[in-house]
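Asks: One structure, as structure tokens, below. Some questions next.
Protein chains in written order, with our numbering: chain Z, 1 to 386; chain V, 1001 to 1386.
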């Protein structure tokens, strides 16, 4: 966190603020160290000295009544908006939704986006230094659930002094945390806005994550998760490649791949050559891209957390858990989503008392539609925040 | 092939016949060695001394007019019907369709089912001994296409003296070969009956096969394909496990997995434990089962062959290739098939002149419905053979 500026002590916590270029007004980056608040984890163990990296856009009103919490998906991070730059290797993952005059209007709202617990873009995760050993956690990183992640995000709300979020918004894994948030803190969530997500991971979703984890662990550079200081330290990039390719397939649709690539061959290749087809080349490109910015242990920890996701655990089942949500709820799904099929969003919408809208967004992109279909998603969010 | 009985020389070919128990009347097993017919392969190279293992049921009429060719899918073999036993570790893969009085009635028809080129159950494949080195082919096995496979099956027709098949029948990869057969030999195919297949592999199908190949090759026991005599000789079983699990997911449906397994935990496990969920345990069981009977190099060779599948290659496109088929054609698909979606079968049915029926079979099983939905498939085949 050396580039995160000077620390400021506050209520036993340390907040560090980064100075961003003038060209990006209203955008701030923080890393908050929960130095004396141990996070007790759902399946045992605890984390101390947890850091939450988050970014904000807009200005918080004096009465703190205009805050919106935005929660990212598996490979996202706190950088929901803006260009790539030091500390955030990719442009904002929801650039089309957040900004002045946009669906999540930063002239009106103060938007907060934290990196998730277990992540690798600032918040404590398996690649963070374990203060007890001064080595990366690696295989010693404790097991975490979506509920643990939401609880840390609630700690962040407390630290920021935000007693009630105008909205908690998330898609995919972000939607899982938004749902947990709304159950854990029914009175602190005015609006719940979730997209392309589920109240509990299905058998198929579990299997898909499980296969991806297995591919990473099969890589001989995995070293049981302690690859950070072994050999060239590059880690299980070939296993990650397989995981990412499989994930990409599940995020998109047969129709899209057919239209974009069909059976087009890479120039100079014959059909029986390795990576002969454009579609293989495309997936490989995305695998390499993720390898440059994402820690495989984080990929595993977050995949396991998603598999653990069951809003109904220890709450008498999913329906009863959804029944505890008081927030005005807005649910959207992508009609061609085969990873988080529309029936899962229908289940959420129909079991929450204060559901105000359910929208199935037409798209040929599958699950990633919640990131790609900017205009339809903006319309949905606009109505929810109206 | 030591258990295949005494060889009988015939027209420069050697046919060996196995004596089966009395309890299985009308069933015979053969291995035919094409000792002086080099198989020239589509993308270069040739195979000599190719062996085709096949099984037959029923009696061939003197005029050879009652023969049906049945072609198996990826992990199938010549053992379409009957119990497991020496040389065929699994029961017949289409037990419900072939037999006396059944849809493919062995009282009327002489049914021939060969193991595919590149296979590992008797027909020459990567695990076969290369006579030039007296070692398994391994990495030196030449690249083969679906068209190469069909051409070897046509060699078998010639050897058997069958000038016209009453029907050529296949599902999935077997359907690809059936289509090739009907294009290569339009006058020797009275009926073409295909299920859950495609005229050309789509971008998505290519990607899925490609990821599976990559998982096998990532296994440190793969040794570039020459694992037969390295170490314990067990080969890349962990990579195969991943490939099989992914394939199983694509063969079935979200609905089925949800109904069968949901989020049920393996006894004594918690959600964050490895292989905690029943669905993971089920997939693992199937991975282990395939590892006991299937050669990883065969899995790769057949996956590559499927990716090469394009009925329209060097024929002016798929439509023109389908237009060359003269056989009376019967096409079926499974409505919940996400691996070979119904639109692919519709394309086949609509482009073949002599299509007589197209059936979408209702099923919650997805692609594997062509093996599981015995009654609906039998009705479809019955009508086709009426």
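Where a beta carbon is used, it is the ideal one built from N, C-alpha and C, also for glycine. A quick note: this is a predicted structure, and the numbers were derived from the prediction, not measured.
(1) Provide the residue span of the alpha helix (DSSP H) that contains residue 1245 (chain V), from first to last.
(2) Rounding to the nearest angstrom, what Cα-Cα distance links residue 112 (chain Z) and residue 158 (chain Z) in this structure?
(3) Quick check: the Cα distance between residue 117 (chain Z) and residue 1364 (chain V), rounded to an integer number of angstroms?
(4) Note the first and the last residue of the continuous beta strand (DSSP E) segment covering residue 171 (chain Z).
(5) Could you list the residues in the stretch 360-374 of chain Z with a C-beta less than 9 Å from some C-beta on chain V, going in chain order?
(6) Taking only beta-carbon positions, decide if residue 268 (chain Z) is within less than 7 Å of chain V.
(7) I need the boundaries of the beta strand (DSSP E) containing residue 358 (chain Z), first residue and last residue.
(8) Which term fits residue 957 (chain V), buried or exposed, when burial requires 16 or more other beta carbons within 10 angstroms of its beta carbon?
(9) Between residue 245 (chain Z) and residue 368 (chain Z), what straight-line distance do the alpha-carbon atoms span, to the nearest angstrom?
(10) Give a yes or no on whether the minimum CB-CB distance between residue 296 (chain Z) and chain V is below 7 Å.
(11) State the start and end residues of the unbroken alpha helix (DSSP H) segment that holds residue 257 (chain Z).
(12) Suppose the cutoff is 6 Å on Cβ atoms and the five residues either side in sequence are ignored; what does the same chain contact list for residue 198 (chain Z) look like?
(13) So what's residue 88 (chain Z) in DSSP terms, helix, strand or just coil?
(14) Between which two residues does the beta strand (DSSP E) holding residue 45 (chain Z) run?
(15) So if I threshold CB-CB distances at 7 Å, which residues from the stretch 277-306 of chain Z count as touching chain V?
(16) Could you name each continuous beta strand (DSSP E) segment of 3 residues or more that falls completely within the stretch 1089-1162 of chain V, going from the start of the chain to the end?
(17) Comparing C-alpha positions only, which one of Z:53, Z:334, Z:326 sits nearest to residue 155 (chain Z)?
(18) Kindly identify the DSSP beta-bridge partner or partners of residue 51 (chain Z).
(19) Can you name the start and end residues of the beta strand (DSSP E) that residue 1192 (chain V) belongs to?
(20) Apart from the five residues on each side of it in sequence, which residues of its chain come closer than 6 Å, Cβ to Cβ, to residue 1235 (chain V)?
(21) Provide the residue span of the beta strand (DSSP E) that contains residue 330 (chain Z), from first to last.
(22) Examine the Cβ distances between the stretch 1252-1264 of chain V and the stretch 1305-1313 of chain V and report whether three or more of them are shorter than 8 Å.
(23) Got a sec? Which residues, its chain only, sit under 8 Å from residue 149 (chain Z) by beta carbon, not counting five neighbours each side?
(24) So that I know if they touch, is there some Cβ in chain Z lying closer than 7 Å to that of residue 1192 (chain V)?
(25) Say whether chain Z places a C-beta atom closer than 7 Å to the C-beta of residue 1009 (chain V).
(26) Distance cutoff 7 Å, beta carbons only. Does residue 1261 (chain V) sit that close to anything in chain Z?
(27) Spatial neighbours of residue 109 (chain Z) within its chain, please: C-beta separation below 6 Å, excluding the five flanking residues on both sides.
(28) Using a Cβ cut-off of 7 Å (strictly closer), state whether residue 1174 (chain V) contacts chain Z.
(29) For chain Z, find out if any of its Cβ atoms is closer than 7 Å to the Cβ of residue 1227 (chain V); answer yes or no.
(30) Decide if residue 1040 (chain V) is buried, meaning its Cβ has at least 16 other Cβ atoms within 10 Å, or exposed.
(31) Evaluate the contact criterion for the stretch 1183-1201 of chain V versus the stretch 1082-1093 of chain V: three or more CB pairs, one atom per stretch, below 8 Å.
(32) Check this for me: beta carbons of residue 1096 (chain V) and residue 1106 (chain V), under 7 Å apart or not?
(33) Any beta carbon of chain Z sitting closer than 7 Å to that of residue 1101 (chain V)?
(34) In terms of residues, what are the limits of the beta strand (DSSP E) holding residue 1069 (chain V)?
(35) Taking all protein chains shown into account, decide if residue 1143 (chain V) is buried (16 or more other Cβ within 10 angstroms of its Cβ) or exposed.
Replies: Taking the definition as stated:
(1) 1237-1251
(2) 13 Å
(3) 38 Å
(4) 167-171
(5) none
(6) no
(7) 355-361
(8) Chain V is shown from 1001 up to 1386; residue 957 (chain V) falls before or after that span and cannot be answered.
(9) 14 Å
(10) no
(11) 254-260
(12) 340, 344
(13) strand
(14) Neither: residue 45 (chain Z) is in no beta strand (DSSP E) and is coded neither H nor E.
(15) 277, 279, 280, 283, 304
(16) 1110-1114
(17) Z:53
(18) Z:33
(19) 1191-1195
(20) 1221, 1227, 1296
(21) 328-334
(22) no
(23) 116, 117, 118, 177, 180, 305
(24) no
(25) Bear in mind that a pLDDT of 42 at residue 1009 (chain V), under 50, signals an unreliable position, so the number given afterwards is only what the model happens to contain. So, not an interface residue.
(26) yes
(27) 58, 66, 68
(28) no
(29) no
(30) exposed
(31) no
(32) no
(33) no
(34) 1067-1071
(35) buried
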